[in-house]
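Report on one structure; see the data block that follows.
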Amino acid sequence: MFFVLSKTLGIMALPLNFLIALGVLGSLLLMTRFLRLGRTLLVLAALLLAVCGFAPVGNLLLYPLESRFPAWSPSQAAPDGIIVLGASIDVDLSAAHSTPVVTAASDRIIVTAALARKYPNARVVYTGGNANLISGEAKEADFAAGLFESLGIDKSRLMLENRARNTYENALFTKALVDPKPGERWLLVTSAFHMPRSIGLFRKVGFAVEPCPVDWRVGTGRDVLSFTDVAQDGLSRTNIAVREWLGLIAYRATGRIDQLLPGPPG
1462 MFFVLSKTLG
1472 IMALPLNFLI
1482 ALGVLGSLLL
1492 MTRFLRLGRT
1502 LLVLAALLLA
1512 VCGFAPVGNL
1522 LLYPLESRFP
1532 AWSPSQAAPD
1542 GIIVLGASID
1552 VDLSAAHSTP
1562 VVTAASDRII
1572 VTAALARKYP
1582 NARVVYTGGN
1592 ANLISGEAKE
1602 ADFAAGLFES
1612 LGIDKSRLML
1622 ENRARNTYEN
1632 ALFTKALVDP
1642 KPGERWLLVT
1652 SAFHMPRSIG
1662 LFRKVGFAVE
1672 PCPVDWRVGT
1682 GRDVLSFTDV
1692 AQDGLSRTNI
1702 AVREWLGLIA
1712 YRATGRIDQL
1722 LPGPPG
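Be aware that the sequence shown starts at 1462, since it is given in the working numbering, and climbs by one per residue.
Spelled out as structure tokens, the structure:
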């Protein structure tokens, strides 16, 4: 129930979807006696689309998420295992073409493969099922094996978790699969903006992992106030940021994380 509700509300609350719906409502009202309200909604939708597309709204919302954890330092001791969260593989397109089709979050797989080659004794876990609200039988992890093998990672090192539909299930099912032992060091690879929520969920299920953020969408603090000349890019960052903040709020409200914005220990 939580999965269906979160997916439905999450789709509706995305800024782009919401503003398009607002514009459609305004257009419909133009044909009624609420003409003035319709015009107001149309103008408001257009202005907010422009602001979200060109102004640094997405940057301002993403930067606190992406800067929460520093990049992982290779100077540390070799890890026992590397966990990469799903969302790097488009399940439907992969199933349609019978080959892995990666998404904009492909950095997760690329960095994990590089780490796996650097640390040949580390186990590699890919956790990802089918996160679509209406899903078929295809699972992300089922396509991940061939993708990692093509990047030079032997299949014998891979552990595939293909049931998880969201980040909470990533943490829960991965812990059950890995059964981490005291003293083991596990890296968690996911997008930088997604790391606070992921760390909070792994902590909640009792699996201590070390953050290895990748796939940044904003540069340094100096870039936060930068405007963009491509509205699609600004809208994409705004959508990602709003979805992530809504996820943090929902998980905090339901007690699945202990802080609204989990950060480094201490």
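Note that the Cβ used here is the ideal one computed from N, Cα and C, for glycine as well.
>> Quick check: the Cα distance between L1503 and A1482, rounded to an integer number of angstroms?
In response: Counted from its first residue, the sequence shown places residue 1503 at position 42. Counted from its first residue, the sequence shown places residue 1482 at position 21. Rounded to whole angstroms, L1503 to A1482 spans 10 angstroms at the Cα level.
> DSSP on I1569, reduced to helix/strand/coil?
Replying inline: Start at 1 with the first residue of the sequence shown, and residue 1569 comes out as number 108. The residue you asked about is not Ile; residue 1569 is Arg in the sequence shown. In the structure shown, R1569 sits in a helix (DSSP, three-state: H, G or I).
>> Quick check: the Cα distance between L1489 and L1496, rounded to an integer number of angstroms?
In response: Taking the first residue of the sequence shown as position 1, residue 1489 is located at position 28. Taking the first residue of the sequence shown as position 1, residue 1496 is located at position 35. Rounded to whole angstroms, the separation of the alpha carbons of L1496 and L1489 is 9 angstroms.
>> Under DSSP, the alpha helix (DSSP H) around V1562 begins and ends at which residues?
In response: Numbered from its first residue, the sequence shown carries residue 1562 at position 101. Taken as a continuous stretch (DSSP letters only), V1562 belongs to no alpha helix (DSSP H), as it is neither H nor E.
> Do you know offhand how far G1547's Cα is from S1559's?
Replying inline: For this step, residue 1547 is matched to residue 86 along the sequence shown. For this step, residue 1559 is matched to residue 98 along the sequence shown. The straight-line gap from Cα to Cα measures roughly 18 angstroms.
> When you compare only the Cα positions, how much space is there between W1533 and A1516?
Replying inline: Here residue 1533 refers to the residue found at position 72 of the sequence shown. Here residue 1516 refers to the residue found at position 55 of the sequence shown. Distance between the alpha carbons of W1533 and A1516: 31 angstroms.
> Where in the stretch 1635–1721 do unbroken runs of the beta strand (DSSP E), each at least 3 residues long, occur, reported from the N-terminal end onward?
Replying inline: 1647–1652 and 1671–1675
> Among S1687, E1622 and S1659, which residue has its Cα nearest to the Cα of V1512?
Replying inline: As a working mapping, residue 1512 is identified with position 51 in the sequence shown. For the residues S1687, E1622 and S1659, the minimum Cα distance to V1512 belongs to S1687.
> By the 10 Å Cβ neighbour count, where 16 or more other Cβ atoms means buried, how is A1539 classified, buried or exposed?
Replying inline: Residue numbering aside, residue 1539 sits at position 78 when the sequence shown is read from its first letter. Label assigned to A1539: exposed.
> Using DSSP with H/G/I as helix, E/B as strand and the rest coil, what is I1481?
Replying inline: Here residue 1481 refers to the residue found at position 20 of the sequence shown. I1481 falls in the helix class under three-state DSSP.
> To which residues of the same chain is I1660 closer than 6 angstroms at the C-beta, ignoring the five residues directly before and after it?
Replying inline: The residue labelled residue 1660 in the question sits at position 199 within the sequence shown. Excluding residues within five positions, the ones whose Cβ falls inside 6 angstroms are P1672 and P1723.
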